[in-house]
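Below is one structure, written out as structure tokens, with a few remarks after it.
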Amino acid sequence: MSQSEHNIDEQTVAHAMKQVSAAFNAQHEYLTGLDQAMGDGDLGITVTKIATALEQYAQTDPAGDLGKWIAGAGMVVNRAASSTMGTLLATALMRAGKEARGLTELTPAVLSAMLVAADVGIQERGKAKPGDKTVVDALHPAAQAFAEAIAAGIGLKEAGQKMLAAAREGRDRVTPLKSSTGRAGWVGERTVGLVDPGCAAMVILLEALVGIT
Amino acid sequence: MSQSEHNIDEQTVAHAMKQVSAAFNAQHEYLTGLDQAMGDGDLGITVTKIATALEQYAQTDPAGDLGKWIAGAGMVVNRAASSTMGTLLATALMRAGKEARGLTELTPAVLSAMLVAADVGIQERGKAKPGDKTVVDALHPAAQAFAEAIAAGIGLKEAGQKMLAAAREGRDRVTPLKSSTGRAGWVGERTVGLVDPGCAAMVILLEALVGIT
Amino acid sequence: MKKILNSPQSFVVEMLDGLLKAHPTMLAYAGDDPHCIVRADAPVQGKVGLATGGGSGHLPVFLGYVGKGMLDGCAVGDVFSSPSAEQMYEVTRRINAGQGVVYIFGNYSGDVMNFDMAAEMADMDAIPVRTVLVKDDVASAPRAEAVRRRGVAGMVFAFKVAGARADRGGTLDEVAETAQKALDNIRSMGVALSPCTVPMAGKPTFSIGEDEMEIGMGIHGEPGVKREKLQTADQVAERMTLAILEDMDPKPGDRLAVMVNGLGATPQEELYIMYRKVHDILAERALSVHRVYVGEFATSMEMAGASLTFFRLDDELADLLDAPAHTPFFTQV
Amino acid sequence: MKKILNSPQSFVVEMLDGLLKAHPTMLAYAGDDPHCIVRADAPVQGKVGLATGGGSGHLPVFLGYVGKGMLDGCAVGDVFSSPSAEQMYEVTRRINAGQGVVYIFGNYSGDVMNFDMAAEMADMDAIPVRTVLVKDDVASAPRAEAVRRRGVAGMVFAFKVAGARADRGGTLDEVAETAQKALDNIRSMGVALSPCTVPMAGKPTFSIGEDEMEIGMGIHGEPGVKREKLQTADQVAERMTLAILEDMDPKPGDRLAVMVNGLGATPQEELYIMYRKVHDILAERALSVHRVYVGEFATSMEMAGASLTFFRLDDELADLLDAPAHTPFFTQV
Ligand SMILES: Nc1ncnc2c1ncn2[C@@H]1O[C@H](COP(=O)(O)OP(=O)(O)O)[C@@H](O)[C@H]1O
Ligand SMILES: Nc1ncnc2c1ncn2[C@@H]1O[C@H](COP(=O)(O)OP(=O)(O)O)[C@@H](O)[C@H]1O
Ligand SMILES: [Mg+2]
Ligand SMILES: [Mg+2]
Ligand SMILES: [Mg+2]
Ligand SMILES: [Mg+2]
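Quick note, the sequences are listed as chains A, B, C and D, same order.
Sequential numbering of the first sequence, starting at 356, is according to my numbering.
Sequential numbering of the second sequence, starting at 356, is according to my numbering.
Sequential numbering of the third sequence, starting at 1099, is according to my numbering.
Sequential numbering of the fourth sequence, starting at 1099, is according to my numbering.
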């Protein structure tokens, strides 16, 4: 395998965006249901709005700077959907974009740095820590697992599977816990045993990304 | 039969009031239903309030003046229930009372004059004419029939039956018509074939009165 | 029945108790009967008195407009039923400062008969009274039978301009004439999406399908023009606007005050979506909007729906409408 | 879903269009994005700017308090969801008259994160910003975790006193400190009897039994303290009053402003029945009532229910609360 086979080009990034859109559109009712169980119910709307925005944005031209382009997607997402999940995703895209400034292709190492930056960005923005039962509990282990795999020289495909497994495991690990952050924090005891909607959305997103690698 | 056997004394008037109360209490749901069909629905509440007020008032002492006492019942009814039906009934009682001023017993002739005065009073107050499909269409023929019967020397009991027949006939005669007065007037065509709630209430009242003669 | 109350029997009296406890500097009981409410400073010397009355369940109508620049007193009935003639008379007596009293109230037979009786009582006490009936609901009878029309939210405009006229020293006849002139230029129409429940009745006054509305329905649930499928905000606003304009027949260049009134459960967001369309239609027809009132001015408890009122203004009416007012439910600067 | 609207997608933008058409002398768009609204006379020279923002569906909150004596601008989100950081920043930029801008908004994570981002953008443009979070809902977390509490109707009092402080020439820090001091003395609690429906969702946010209520529910349907059988008005009012008093712990002789706020579908009659009981309990405890606000100040569209807010006043806060204000939804003389 040549080096460039492992790299992600502009077209693939645009395709990835469309895949995430499709996945969000397909799963919005499921996410609404999870969010309603937590005393809210707008997450499905949020991901639908993100999907529409990303689908449209994916038609635009990265113009030789994938990093700027991905950060721009973050702005678009924030404009389209500014609920917690939308804002966190926007932050993630902006931070991830920063790691790819000026690039036309993303190497595995860059991808790994982008995912870590997204994780850090979301933690800084939302001030939630692992274990608080938020999207962080899916993303943080995923970013860690992916970074470790890439650092160990594991191929992109397999690293993606490890990342996914870590995300799902993270989501499931916090399901028995009580939500303490955001709206769900007010539901208190009644959240024990319920899947965190943000974790579920993150797993859907990562599944869509891995699906295209 | 002695003359006084045909007369109505204080106790009988008080008893009549209680009978009317009982009848109104028994029939309030039926009247609410009729009034709801006409786009309103408070007539049951109105007659319940009248019933409570009259029942209490019937405990008080006519103090040698049945006329003043009956007019006083009108004031009490107006205070307790000032919807259309309550106000008209209050007017009827006040006008009927006027015809019995200073009396301790009501002769058939006085009773007849009282009923006619009530009819006139209700027409003056409400400005409805026979045929408008209001309480007038039950009361007016009833008052006329009773007056004719008494004038013809027919006994109280039989006169009462004639009155009742006229009231029922009047109620049924206007059922096929369109209401044109009061709230029901706004329902227009949809009132065709519906029993006028005020007529129904008047028949219930007259039935209760006749029941005790 | 899902209401925050203690008992249907005490509903009105406790509501009044709460109102007077909340607004002790503005409102007072006229006497022993809690259903008779007057301005705290009644009678206002040198001023014609203004009284209204009617059933409860319509706040801010009627009581909410008692105060500076509007009404002097109000007789309060049970939910959706008229107060008694005695109560109206008690209010009349307490607000009369020697200049007489103008009655302004909705054209409902119970209210009409009781105010007629109250006027007779006032006459016996040599208190001059004038009566002005509100009949603004164009959906309640065709133009040829306008005398049968019922009074809805448009009465608020009549309270406002008559109150301003009285404040400015209008005589009894002048105040009554101003109220009548205003009402001759006021037209309303409503739409209902859900029923409401009279506490004493315990169940809804009528039923309406999940996807239905009734155009032209009155504020007690009186039937309207037509029961039909729920339409869009623009369609509903357009129908009401056109029906009122047809009845009122204003000329291009005429000035209107506009009221979009919520009947109880309809969010203000929806009222503004309706106003948007009303505004656009009026602009198309070169009718100018002098003042806009969007909110709850005359309700039917928790009924979902709205009404629209237009008030055609000349210079005098515009000036009176613009005058400041301050009551528990209506403050204008 | 039974609402008067044209389409869920256009709900917010059309609502805003209607609002600006109804109040053209008071409100204006900040720029091209209709979600950014400012006072028509913004920026007000020599004055610290006050901004808020949050989801739609709560009128008069948030936008309804933009005007004289209260706020300078508002970023408006979709129903029940935060506006974007860019929108907040756009408002910030337009209302800044060189004295900086104070953000006052409810403690919801979406809003917090976006206002944080907006403040970072403002910082890059050298516009000084202070943030004051509203966390008045005592039912949303125990006292020990008060930082987690959400913001409900009590924010209106914060808008009012901070607005008055800014009007009187307060510096950026002074206005922020006044808002914070007010909020330290503001506590609220709500009760819901029915759900509401987000237009885009099309179905109710939660379900509740015909004879149930939820004490402590938030203004988007966030779960409360307890789901239970519907109680009487006195019981509901007493529970909310006692819960707030316990958390606030005022001393006999303390002065309070009281707000009884309808969540959308609850008739004002019922709010006054509740106020009556609140008033009596406060009187028993020798707490004096400085001002009373009964009506709809912060709603959840067509949700049935109410909230109660107490605001403990010292001389400074009382004076600021009493200052006149004039906005599309709030006029005080
Ligand atoms: N402070 C936070 N930091 C990180 N994630 C959070 C935080 N608060 C909430 N979340 C995540 O956001 C999800 C809900 O997203 P969303 O419905 O958009 O929120 P909201 O409706 O509160 O704006 C939660 O399931 C949780 O995973
Ligand atoms: N102007 C009128 N004159 C006589 N009777 C009337 C008049 N208007 C209505 N009614 C009678 O009153 C009845 C309704 O009574 P009620 O429910 O008390 O009226 P409302 O609810 O309008 O106050 C009608 O069925 C009719 O018989
Ligand atoms: Mg959510
Ligand atoms: Mg009736
Ligand atoms: Mg009635
Ligand atoms: Mg949300």
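Note that the Cβ used here is the ideal one computed from N, Cα and C, for glycine as well.
- Query: Given that D/E1400 touches chain C, what residues does it touch there, using C-beta distances under 8 angstroms?
  - Reply: Walking along the fourth sequence from the start, residue 1400 of chain D turns up at place 302. By Cβ distance, chain C contributes A1363, T1364, P1365 and A1402.
- Item | Proximity below 9 angstroms, CB of D/T1407 to CB of D/A1251 | As a first step, residue 1407 of chain D is located in the fourth sequence; it is residue number 309 there, counting from the start. As a first step, residue 1251 of chain D is located in the fourth sequence; it is residue number 153 there, counting from the start. Result yes, Cβ atoms of D/T1407 and D/A1251 sit closer than 9 angstroms.
- C-alpha gap between D/L1103 and C/M1311, whole angstroms: Translated into the one-based positions of the fourth sequence, residue 1103 of chain D becomes position 5. Translated into the one-based positions of the third sequence, residue 1311 of chain C becomes position 213. Approximately 13 angstroms, taken between the alpha carbons.
- Message: So, at 6 angstroms on beta carbons, what are the nonlocal neighbours of B/D364 in its own chain, with the 5 sequence-adjacent residues on each side left out?
- Response: Mapped onto the second sequence, residue 364 of chain B falls at position 9. Once the five neighbours on either side are set aside, the close Cβ partners of B/D364 are E460.
- Within the 9 angstroms Cβ cut-off, does A/R456 reach chain D? Reading the first sequence from its first residue, position 101 is the one you call residue 456 of chain A. Not an interface residue.
- Rounded to a whole number of angstroms, what is the C-alpha to C-alpha distance between B/A468 and C/Y1201? Residue numbering aside, residue 468 of chain B sits at position 113 when the second sequence is read from its first letter. Residue numbering aside, residue 1201 of chain C sits at position 103 when the third sequence is read from its first letter. Answer to the nearest angstrom: the Cα atoms are 35 angstroms apart.
- Task: Show which residues of chain A have a CB atom less than 8 angstroms away from the CB atom of D/G1175.
- Result: Stepping through the fourth sequence from its first residue, residue 1175 of chain D is reached at position 77. Those within 8 angstroms of D/G1175 in chain A are S437.
- Is DSSP giving A/S357 helix, strand or coil here? As a position in the first sequence, residue 357 of chain A is number 2, starting the count at 1. Residue placement at A/S357 is poorly supported in this model, since its pLDDT is 40, which falls under 50; the coordinates still yield a value, given next. Here A/S357 sits in coil by DSSP.
- Message: With H, G and I counted as helix, E and B as strand and the rest as coil, what does DSSP make of B/D364?
- Response: The residue you call residue 364 of chain B lines up with position 9 of the second sequence. B/D364: strand per DSSP, three-state reduction.
- Item | CB contact flag (D/G1116, C/I1371, <9 angstroms) | For the purposes of this step, residue 1116 of chain D is taken as residue 18 along the fourth sequence, with counting starting at 1. For the purposes of this step, residue 1371 of chain C is taken as residue 273 along the third sequence, with counting starting at 1. In this structure, C/I1371 lies closer than 9 angstroms to D/G1116 by Cβ.
- Helix, strand or coil: how does DSSP classify D/G1153 here? For the purposes of this step, residue 1153 of chain D is taken as the residue at position 55 of the fourth sequence. In the structure shown, D/G1153 sits in a strand (DSSP, three-state: E or B).
- First and last residue of the uninterrupted alpha helix (DSSP H) at C/S1207: By 1-based counting over the third sequence, the position of residue 1207 of chain C is 109. Looking at the DSSP string, the run of the alpha helix (DSSP H) that includes C/S1207 is S1207 to M1222.
- Run down chain D in chain order and give the residues with a C-beta less than 9 angstroms from the C-beta of A/D395. Here residue 395 of chain A corresponds to residue number 40 of the first sequence, with the count starting at 1. Those are F1178, T1303, H1318, G1319 and E1320, listed as they occur along chain D.
- Item | Boundaries of the beta strand (DSSP E) in which D/Y1327 is found, first to last residue | Taking the fourth sequence and counting its residues from 1, the one referred to as residue 1327 of chain D is at position 229. Note on residue identity: the sequence assigns Lys, not Tyr, to residue 1327 of chain D. From DSSP, the beta strand (DSSP E) with D/K1327 extends over K1324 to K1327.
- Message: For a minimum of 4 consecutive residues, which ranges assigned as the alpha helix (DSSP H) are wholly contained in the stretch 1352 to 1429 of chain C?
- Response: 1366 to 1382 and 1413 to 1420
- Message: So C/V1259 contacts chain D; which residues on that side make the cut at Cβ distance below 8 angstroms?
- Response: Counting from one through the third sequence, the residue named residue 1259 of chain C turns up at place 161. Those do not exist, as C/V1259 stays about 19 angstroms from chain D at its closest Cβ, beyond 8 angstroms.
- Can you tell me whether DSSP reads C/G1171 as helix, strand or coil? Here the question's residue 1171 of chain C lines up with position 73 in the third sequence. In this structure, C/G1171 counts as strand in the three-state DSSP scheme.
- Message: Let's see if you can read the secondary structure: which residues bound the beta strand (DSSP E) around D/L1125?
- Response: Indexing the fourth sequence from 1 puts residue 1125 of chain D at position 27. Note, D/L1125: beta strand (DSSP E), L1125 to Y1127.
- Message: Here's a check: name, in chain order, each residue in its chain whose Cβ is nearer than 8 angstroms to the Cβ of C/L1419, leaving out the five neighbours to either side.
- Response: For the purposes of this step, residue 1419 of chain C is identified with residue 321 of the third sequence, where counting begins at 1. Around C/L1419: F1255, K1258, V1259, A1262, A1355, H1388, R1389, F1409 and L1411.
- Provide the residue span of the alpha helix (DSSP H) that contains C/R1191, from first to last. The residue you call residue 1191 of chain C lines up with position 93 of the third sequence. A1183 to I1193 is the span of the alpha helix (DSSP H), which, as asked, contains C/R1191.
- A/I400 touches chain D at which residues, Cβ-Cβ below 7 angstroms? As a working mapping, residue 400 of chain A is identified with position 45 in the first sequence. Neighbours of A/I400 on chain D, chain order: M1298 and A1299.
- Item | is_contact[D/E1184, chain A] using C-beta, thresh 9 angstroms | Position 86 of the fourth sequence, counted from the first residue, corresponds to residue 1184 of chain D. Chain A has a Cβ within less than 9 angstroms of the Cβ of D/E1184.
- Item | Closer than 9 angstroms to chain D by CB, C/T1287 | Counting from one through the third sequence, the residue named residue 1287 of chain C turns up at place 189. With the sequence shown as reference, residue 1287 of chain C is identified as Met, and Thr is not the correct amino acid for it. Chain D contact via Cβ: absent.
- Task: Give every residue of the same chain whose Cβ lies closer than 7 angstroms to the Cβ of B/A555, excluding the five residues on either side of it in the sequence, and list them in chain order.
- Result: In the second sequence, the residue the question calls residue 555 of chain B occupies position 200. Only L386, L389 and R526 meet the Cβ criterion.
- Message: Quick check on the DSSP output: the beta strand (DSSP E) that includes C/S1286 runs from which residue to which?
- Response: Position 188 of the third sequence holds residue 1286 of chain C. I1284 to A1290 is the span of the beta strand (DSSP E), which, as asked, contains C/S1286.
- Message: Can you tell me which residues form a DSSP beta bridge with C/Y1201?
- Response: Counting from one through the third sequence, the residue named residue 1201 of chain C turns up at place 103. Its beta-bridge partners are C/A1149 and C/T1229.
- Query: Counting Cβ pairs, one atom from each stretch, are 3 or more of them under 8 angstroms apart for the stretch 1128 to 1138 of chain C and the stretch 1219 to 1229 of chain C?
  - Reply: no
- Quick one: is the Cβ of A/L398 within less than 8 angstroms of any heavy atom of ligand 3? For this step, residue 398 of chain A is matched to residue 43 along the first sequence. Yes, ligand 3 has a heavy atom inside 8 angstroms of this Cβ.
- Item | Cβ neighbours of D/M1215 in the same chain (closer than 7 angstroms, five flanking residues each side left out) | Working through the fourth sequence from its first residue, we reach residue 1215 of chain D at position 117. Cβ within range, chain order: A1183.
- With a CB to CB cut of under 6 angstroms and the five nearest residues on each side skipped, what residues in its chain are close to C/G1155? Along the third sequence, one-based indexing puts residue 1155 of chain C at 57. Cβ neighbours of C/G1155 beyond the five flanking positions: V1177, F1178 and M1399.
- Item | Residue range of the unbroken alpha helix (DSSP H) whose run includes D/V1136 | Translated into positions along the fourth sequence, residue 1136 of chain D becomes position 38. Run containing D/V1136: none in the alpha helix (DSSP H); it sits in the beta strand (DSSP E), C1134 to R1137.
- Check: B/I559 C-beta below 8 angstroms from any heavy atom of ligand 2: Locating residue 559 of chain B in the second sequence gives position 204, counting from the first residue. Flag unset: Cβ of B/I559 not near ligand 2.
- Message: Against A/V490, what residues of chain D qualify as contacts under a CB-to-CB distance less than 7 angstroms, listed in chain order?
- Response: Numbered from its first residue, the first sequence carries residue 490 of chain A at position 135. Per Cβ cutoff of 7 angstroms: no residues; A/V490 is ~11 angstroms from chain D at best.
- Query: In this structure, does DSSP put A/M393 in helix, strand or coil?
  - Reply: Here the question's residue 393 of chain A lines up with position 38 in the first sequence. DSSP places A/M393 in coil when its eight states are reduced to three.
- Query: Out of curiosity, what's the CA-to-CA distance linking D/I1306 and D/V1323?
  - Reply: As a working mapping, residue 1306 of chain D is identified with position 208 in the fourth sequence. As a working mapping, residue 1323 of chain D is identified with position 225 in the fourth sequence. Their Cα atoms are separated by approximately 14 angstroms.
- Quick one: does C/Y1373 have its CB under 9 angstroms from some CB of chain D? Locating residue 1373 of chain C in the third sequence gives position 275, where the first residue counts as 1. So yes, C/Y1373 belongs to the interface.
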